[in-house]
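Asks: Residue numbers (our numbering): 313 to 625. Mind having a look at this structure? Questions to follow.
What follows is the structure, given as structure tokens:
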């Protein structure tokens with residue numbers, strides 16, 4: 313077990329390095345000159361080529377790409393992500409102020425998606441082809457097909473503008489989080505509910521379900537006692553994949569609801585061509601993707617001994 317976790321951890325580190333190198337190369341290949349941007353903001357339109365070249369040399373922008381990447385990654389590992397071209401502040405300070413906002417958004421949205429997926433999937437399995445099952449199937453299809461920005465706009469119009477129950481944007485209390493959480497949780501909850509429903513249907517055809525019925529248990533009892541524990545691994549695996557995608561949804565949700573999180577910082581960095589900020593946020597996203605999948609793998613191995621034996625633990 314320990315050797316398996318160590319192998320997975322090593323693989324996760326290699327994935328972070330490879331993905332960060334790719335994102336660094338893509339951002340570096342984007343049109344625009346970082347030295348020229350800094351010179352224009354320091355000296356205005358009067359910045360000359362000599363000043364731009366001097367800034368480029370000081371920042372090492374004319375060094376070979378592998379050397380620049382190695383220097384940038386070494387600094388990032390120590391917590392030094394550079395200085396934002398847009399705000400002039402260290403990016404580490406921006407992250408310290410913005411990561412808690414994104415963490416609350418993802419944490420609340422993840423819990424809501426988890427609960428909704430299990431509830432909707434179980435309700436559909438209990439109905440088993442009835443009116444409730446068909447309604448939840450249609451609801452899941454609509455939820456999985458509707459973009460986040462449209463869901464956000466619709467929720468704001470109904471619950472903020474028309475009913476006035478919650479604030480339109482910003483954070484002023486617990487109620488301010490409700491619309492962002494629902495918006496970011498709707499898509500993963502819709503996808504996961506279908507995963508739960510389909511896997512429960514397949515589990516109900518196995519011998520242990522037949523044995524449960526033979527003991528006199530109702531369909532609901534068999535679903536909860538026998539079928540639900542047996543779909544834990546595919547559910548957790550899919551939940552991990554959907555949870556990582558929520559970081560992409562946070563970019564839209566934070567922008568719509570004016571939340572000062574990492575996603576909104578990324579949009580601002582793109583808008584103002586803050587290449588240093590973009591590289592830092594992409595590295596943070598890569599780390600988030602890899603670590604969530606690593607944790608899901610470990611949880612699945614702990615929950616299912618068969619996976620430990622299959623991996624030679």
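Note that beta-carbon positions come from the ideal geometry of N, C-alpha and C, so glycine has one too.
Could you have a look at residue 402 and say whether DSSP puts it in helix, strand or coil?
Replies: Strand, per DSSP.
Asks: May I ask which residues mark the beginning and end of the alpha helix (DSSP H) holding residue 320?
Replies: That run of the alpha helix (DSSP H) goes 314–340.
Asks: Please state whether the Cβ-Cβ distance between residue 385 and residue 332 is less than 8 Å.
Replies: Yes; because the gap between Cβ atoms is below 8 Å, this pair is in contact.
Asks: Measuring CB to CB, does residue 550 end up less than 8 Å from residue 610?
Replies: Taking 8 Å as the Cβ cut-off, residue 550 and residue 610 do not qualify as a contacting pair.
Asks: Let me check you understand the geometry: is the CB of residue 486 closer than 7 Å to at least one non-hydrogen atom of the ligand GTP?
Replies: As far as ligands go, the structure on display features none, and thus does not contain the ligand GTP.
Asks: For residue 565 versus residue 464, is the C-beta distance shorter than 8 Å?
Replies: Yes, these two residues count as a Cβ contact at 8 Å.
Asks: What residue range does the alpha helix (DSSP H) around residue 537 cover?
Replies: Neither: residue 537 is in no alpha helix (DSSP H) and is coded neither H nor E.
Asks: Once the 5 residues before and after residue 612 are set aside, which same chain residues still bring their CB inside 7 Å of it?
Replies: Same-chain partners within the cutoff: 545, 548, 549, 619.
Asks: Mind checking which residues open and close the alpha helix (DSSP H) that includes residue 609?
Replies: Run containing residue 609: 587–615, per the alpha helix (DSSP H) assignment.
Asks: Should residue 321 go down as buried or exposed, given a rule of 16 or more other Cβ atoms within 10 Å for buried?
Replies: Exposed.
Asks: Could you name the residues of the same chain whose beta carbon sits closer than 7 Å to that of residue 542, not counting the 5 residues immediately before and after it, in chain order?
Replies: If we look at residue 542 and ignore the five residues flanking it on each side, its Cβ neighbours are 515.
Asks: When we look at the beta-carbon of residue 387 and count the other beta-carbons within 10 Å, is it buried (16 or more) or exposed?
Replies: So residue 387 counts as exposed.
Asks: Since residue 505 contacts residue 432 with CB under 8 Å, what's their CB separation in whole angstroms?
Replies: Confirmed, about 4 Å.
Asks: Using three-state DSSP, classify residue 438 as helix, strand or coil.
Replies: If DSSP states are grouped into helix, strand and coil, residue 438 belongs with the helices.
Asks: Report the residue ranges of all beta strand (DSSP E) runs contained in full by the segment 559–585; include only those spanning at least 3 residues, in chain order.
Replies: Segments of the beta strand (DSSP E) lying fully in the segment 559–585: there are none.
Asks: Do the segment 443–456 and the segment 519–529 touch if we need at least three Cβ pairs shorter than 8 Å?
Replies: No contact exists between the segment 443–456 and the segment 519–529.
Asks: Which term fits residue 594, buried or exposed, when burial requires 16 or more other beta carbons within 10 angstroms of its beta carbon?
Replies: Burial call: buried.
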